[in-house]
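Below is one structure, written out as structure tokens, with a few remarks after it.
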Amino acid sequence: MHGEYKVPGGKLVVVDLDQVDGRIANFRLAGDFFLEPDDALPLINAAIEGLPVESDATTIAAAVKAALPEGAQLLGFSPEAVAVAVRRSLAKATGWRDYDWQVIHSKAVPPVEQMALDEVLAIEVGEGRRQPTMRIWEWESPAVVIGSFQSLKNEVDLENAEKYGFDVVRRISGGGAMFMEAGSVITYSIYVPAALVSGMTFADSYAFLDEWVIIALKSLGIDAHYAPLNDITSPTGKIGGAAQKRLGNGAVVHHVTMSYDMDGEKMVEVLRIGREKMSDKGTKSAAKRVDPLRSQTGLSRAEIIDKMIATFTGLYGATPGDITDDEYAKAEELVRTKFSTPEWIARVP
677 MHGEYKVPGG
687 KLVVVDLDQV
697 DGRIANFRLA
707 GDFFLEPDDA
717 LPLINAAIEG
727 LPVESDATTI
737 AAAVKAALPE
747 GAQLLGFSPE
757 AVAVAVRRSL
767 AKATGWRDYD
777 WQVIHSKAVP
787 PVEQMALDEV
797 LAIEVGEGRR
807 QPTMRIWEWE
817 SPAVVIGSFQ
827 SLKNEVDLEN
837 AEKYGFDVVR
847 RISGGGAMFM
857 EAGSVITYSI
867 YVPAALVSGM
877 TFADSYAFLD
887 EWVIIALKSL
897 GIDAHYAPLN
907 DITSPTGKIG
917 GAAQKRLGNG
927 AVVHHVTMSY
937 DMDGEKMVEV
947 LRIGREKMSD
957 KGTKSAAKRV
967 DPLRSQTGLS
977 RAEIIDKMIA
987 TFTGLYGATP
997 GDITDDEYAK
1007 AEELVRTKFS
1017 TPEWIARVP
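The letter at position 116 of the sequence shown is residue 792 when you use this note's numbering, and the numbering goes up by one with no holes.
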């Protein structure tokens, strides 16, 4: 059995193993990481050899740590990364290049239809009717997108939202509220079979699914990195946030919104951002929490999107595509029956 795990911002960890009588056998660790001293490698192999195949990542990482000699240096990887690679091997996880990816940069549609398209496209991938897909969204009108479990009245100043013409919609994933205006954000979704993130914790999968965009941002001169659980950030401030939903049909939808040119003052009028959340972020002003991409690159939004698509395509071999008429029709039906209904929008009042 073979498993691979590319550490976000680090190196590739590769494992090969067999299962014999419910235990790991013939275990071999490899990769482009750095490890000192040399004899630490056979010690790691020996530590994992014979572990029960049902061992969780915490148990595997602990075995690796216990086997390392004092002063050992692991550069570009960690005991936890080895554990993820082992679990991915045992779960028969797939890799990015195992799929024929499609990239969609679709037309602008109403915010409520964007919510429905996210569910429809994820279902289509899970059912095998669509290739795994990365989609760049376009916004037709301003919106506040709240997480699946957020309180409507606690998160949004509905009077100010109406004053500024913001629709309020609810997405299928958890996480926090997002402030959207046409031309001010870059939003993308990834729809993929769950096998791509098999063997990973939710925390691992967030950084794993967004590594390509970190690479794209770094190529634009932004010192971007991932801040657990779900923030893309830089030394000068937060760039964006991610959210994720795993569907019962075996699909994952992972979406990210990054600020390009945020109107921070308007944002704090429309969103109710509490003091506790602000103190947790280490800032006093919500308007300063998000560092727009324009200020860090000097590039147009279209140029940044072009770089993102080129990076994703170069890494994973994607081809251009589009949303089908049938998928739009299914989304319109979901808008009618779910996403535009008071029962959904105010599911948590």
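Cβ atoms here follow ideal geometry from the backbone N, Cα and C, with glycine treated the same way.
Going along the chain, which residues of its own chain have a beta-carbon closer than 8 Å to the beta-carbon of residue i, five neighbours each way excluded?
i           : result
residue 878 : 905, 920
residue 881 : 873, 920, 928, 930
residue 841 : 817, 818
Residues in the same chain with beta-carbon distance under 7 Å from residue i, minus the five sequence neighbours each way, listed in chain order, please.
i            : result
residue 665  : Examination of residue 665 is not possible in this model, given that the chain is present from 677 through 1025 alone.
residue 707  : 687, 688, 689, 690, 753
residue 790  : 813
residue 1022 : 828
residue 996  : 779
residue 795  : 848, 1010
If we count the other Cβ atoms within 10 Å of its Cβ and call it buried at 16 or more, is residue i buried or exposed?
i           : result
residue 829 : exposed
residue 911 : exposed
residue 787 : buried
residue 713 : exposed
residue 768 : exposed
residue 755 : buried
residue 955 : The predicted position of residue 955 is uncertain, since its pLDDT is 47 and thus under 50; a value taken from the coordinates is nonetheless stated next. With fewer than 16 other Cβ atoms within 10 Å, it is exposed.
residue 951 : Reliability of the predicted coordinates at residue 951 is poor, the pLDDT of 39 falling under 50, and the value obtained from them is presented with this limitation in mind. By the neighbour-count rule (16 or more Cβ atoms within 10 Å), residue 951 is not buried but exposed.
residue 850 : exposed
Is residue j closer than 7 Å to residue i when the C-beta atoms are compared?
i            : j           : result
residue 742  : residue 716 : no
residue 776  : residue 826 : no
residue 844  : residue 861 : no
residue 810  : residue 866 : yes
residue 836  : residue 946 : yes
residue 1020 : residue 773 : no
residue 1042 : residue 725 : In the structure as shown, the chain begins at 677 and stops at 1025. Residue 1042 is therefore absent and cannot be evaluated.
residue 969  : residue 980 : yes
residue 983  : residue 892 : yes
residue 1041 : residue 722 : This structure cannot settle anything about residue 1041, because the visible part of the chain is limited to 677 through 1025.
residue 1042 : residue 973 : Only positions 677 to 1025 of the chain appear in the structure, and residue 1042 is not among them; the question remains open.
residue 853  : residue 887 : no
residue 870  : residue 804 : no
Got a sec? Which residues, its chain only, sit under 6 Å from residue i by beta carbon, not counting five neighbours each side?
i           : result
residue 709 : 687, 752, 753
residue 736 : 759, 762
residue 958 : Residue placement at residue 958 is flagged as unreliable, the pLDDT there being 48, under the threshold of 50; a coordinate-derived value is accordingly withheld.
Pull up the CB-CB distance for residue i and residue j, whole angstroms please, since I reckon it's below 8 Å.
i           : j           : result
residue 999 : residue 780 : 6 Å
residue 863 : residue 932 : 7 Å
Sort out for me which residues DSSP pairs residue i with in a bridge.
i           : result
residue 996 : 779
residue 934 : 862, 916
residue 815 : 785
residue 822 : 846
residue 947 : 832
Are any of the Cβ atoms in chain B nearer than 7 Å to that of residue i?
i           : result
residue 872 : You won't find chain B in this structure, because it holds only one protein chain.
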